[in-house]
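Sequence order for the protein chains is F and X. Using my numbering, read the first sequence as starting at 3 and increasing by one per residue. Using my numbering, read the second sequence as starting at 3 and increasing by one per residue. Take a look at the structure set out below.
Protein chains: 2
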Amino acid sequence: MHIERAISASHSLTRVKTKSSIVAKPPSQDTPLNEHLAYLLAQANREINRQLEMRLAKEGVPVEQWRILKVLSDGNGRSMGELAEAVLLNHPTLTKIVDRMVSDALVYRVQDPKDRRKVLMFCSERGKILCQRLNSLAMSQEAHIVENYGNKSTNELKRLLESLIDSAN
Amino acid sequence: MHIERAISASHSLTRVKTKSSIVAKPPSQDTPLNEHLAYLLAQANREINRQLEMRLAKEGVPVEQWRILKVLSDGNGRSMGELAEAVLLNHPTLTKIVDRMVSDALVYRVQDPKDRRKVLMFCSERGKILCQRLNSLAMSQEAHIVENYGNKSTNELKRLLESLIDSAN
DNA sequence: TGCCAATTGTTGAACTTTCAATATTTTCGC
DNA sequence: GCGAAAATATTGAAAGTTCAACAATTGGCA
Chain F
3 MHIERAISAS HSLTRVKTKS SIVAKPPSQD TPLNEHLAYL LAQANREINR
53 QLEMRLAKEG VPVEQWRILK VLSDGNGRSM GELAEAVLLN HPTLTKIVDR
103 MVSDALVYRV QDPKDRRKVL MFCSERGKIL CQRLNSLAMS QEAHIVENYG
153 NKSTNELKRL LESLIDSAN
Chain X
3 MHIERAISAS HSLTRVKTKS SIVAKPPSQD TPLNEHLAYL LAQANREINR
53 QLEMRLAKEG VPVEQWRILK VLSDGNGRSM GELAEAVLLN HPTLTKIVDR
103 MVSDALVYRV QDPKDRRKVL MFCSERGKIL CQRLNSLAMS QEAHIVENYG
153 NKSTNELKRL LESLIDSAN
């Protein structure tokens, strides 16, 4: 494995040198951390998520709860499994967050009559109303990003992220 | 705040309609979750991070520890504050991860002689050797992404992420 | 039909992260 | 130079997440 990597690295290096040694850089063993895709994603995610978190704090709601409300706000029920997938949480974590939201009367559980292993989650009226306020806050954050970063870049970045996610599955 | 947003939203809507109603979509109050930049970043980060985690698991090392080793592997010491910034962790979390790494003899602490409030972190020889093996694993993951996603997209995405991060500061 | 494996969701224990408070050292105004 | 305020790192308690085990239900096949 190490050997194949070394070979492909020097291949790229050679090819690149014949063109330009500035534009595309060869994959090197000691690529700085901040040139790794995984790191850049983590950094960008951390920053944008922190901004969103601060906005949503006006309503005292964590980002995960906003995601849950948003998914359920179309009125259709979702099983815990579907919901976990949609909001990027694993099952036990979702269960516990949902417990809190049920206590706050934002969502409720219904046993699925078609398959009694499943629990269908629904958004309460109260949850829907809160969700609208949260949507405003989230939209205003995204507008703020677009202001500084530009509409074109934002759309291009979204497009690239979508296709990265596709290609990773 | 809500009002201003509503106004700027309808502005965009109007402007967009005169051009094309397909390419650029107006910011709508119920934009689906998976069209939000914050969500796409979280999703992409989750997926890529999970892949990297699986690779590094061959050496039994969490992603955060790889980052720490990578930053320190140039032999220069860093204060806990600098290190926390560089590896995207807050101070108490870093302190505790570093505690574990000191137990494993991967890094060590030295009191900064210039400013005795500070602690300088260094990478041990053992840490450097491990870091090289981890670098190979990380490079092979990135190569795998490039295979599926393409060199052009990868570089373009990195560029956009860097400039997003810049614009957010 | 009856049984075994797979699916779904929850629970409790272990582990990790975060928050607030603390200790130490430095900086700066007076 | 002294003392208050700021900077730096750590600690312990609280909160959150994850892992493994469990309970309930369904599906399939002998």
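Idealized CB from N, CA, C, for every residue including glycine.
Item	Value
List the whole-angstrom C-beta distance separating X/L42 from F/E164, where the pair is believed to meet the contact cut-off of C-beta under 8 angstroms.	7 angstroms
Let me know the secondary structure DSSP gives F/V104 once reduced to three states.	helix
Quick check for students: name the residue ranges of the alpha helix (DSSP H) that lie wholly in the stretch 32-64 of chain X, counting only runs of 4 or more.	39-58
CB-CB under 6 angstroms to F/R69, same chain, minus the five flanking residues each way: which ones, in chain order?	V89
Using 9 angstroms as the threshold, is the C-beta distance between X/M141 and F/T95 below it?	no
Would you please state the rounded distance, in angstroms, between the beta carbons of F/L74 and F/V104? I believe it to be under 8 angstroms.	Contact flag wrong, Cβ pair sits at about 12 angstroms.
Roughly how far, in whole angstroms, is the beta-carbon of X/S169 from the beta-carbon of F/N150, given that I think they are within contact range, below 8 angstroms?	4 angstroms
Kindly confirm or deny that the stretch 113-124 of chain X and the stretch 44-60 of chain X touch, where touching means at least three C-beta pairs closer than 8 angstroms.	no
On the CB-based measure, 16 or more other CB atoms within 10 Å of its CB, does F/N153 come out buried or exposed?	exposed
Under three-state DSSP, which class holds X/R119?	coil
Could you give the DSSP three-state label for F/E164: helix, strand or coil?	helix
From which residue to which residue does the alpha helix (DSSP H) around F/G83 run?	M82 to V89
Got a sec: which bits of the stretch 38-54 of chain X sit with their beta carbon under 8 angstroms from any beta carbon on chain F, in order along the chain?	H38, L39, A40, Y41, L42, L43, A44, Q45, A46, N47, R48, E49, I50, N51, Q53 and L54
Classify X/A44 as buried or exposed, calling it buried when 16 or more other Cβ atoms lie within 10 Å of its own Cβ.	buried
Please tell me whether F/L136 and X/I147 are closer than 9 angstroms, where the distance is taken between their beta carbons.	no
Starting from the beta carbon of F/E144, find every residue of chain X whose beta carbon is closer than 9 angstroms, and list them in chain order.	P29, T33, H38, L39 and A40
Measuring only the C-alpha atoms, how far is F/V65 from F/H93?	17 angstroms
I want to see whether chain X comes within less than 9 angstroms of F/L90, judged by CB atoms only; does it?	yes
Round the Cβ separation of X/L162 and F/L159 to the nearest angstrom and send it over; I've been treating them as touching at under 8 angstroms.	5 angstroms
Taking the beta carbon of X/R102 as the centre, do at least 16 other beta carbons fall within 10 Å, making it buried, or is it exposed?	exposed
Identify the continuous alpha helix (DSSP H) that holds F/S126 and give its terminal residues.	Run containing F/S126: none; DSSP gives neither H nor E here.
Which residues share a DSSP beta bridge with F/Q113?	F/V121
Output yes if chain F places a C-beta closer than 9 angstroms to the C-beta of X/L166; else output no.	yes
Would you mind sorting F/N171 into buried or exposed? The rule is 16 or more other CB atoms within 10 Å of its CB.	exposed
Pick helix, strand or coil for F/L159, following the three-state DSSP scheme.	helix
Below 8 angstroms on the Cβ atoms is my contact criterion, and I expect F/L91 with F/G129 to pass it. Report the Cβ-Cβ distance as a whole number of Å.	Actually they do not touch by this definition, with Cβ atoms about 17 angstroms apart.
Using the Cα positions of X/N78 and X/L39, report the straight-line distance between them to the nearest angstrom.	36 angstroms
Given this structure, state the Cα-to-Cα distance separating F/R119 from F/I99, to the nearest angstrom.	20 angstroms
In chain order, what residues of the same chain lie with their CB nearer than 6 angstroms to the CB of X/E55, ignoring the 5 residues before and after it?	V65
Nearest-angstrom Cα distance between X/N157 and X/E144?	11 angstroms
For X/M141, decide whether its Cβ has a neighbour in chain F, counting only Cβ atoms nearer than 9 angstroms.	yes
Measuring straight from C-alpha to C-alpha, what distance separates F/Q113 and F/N47?	35 angstroms
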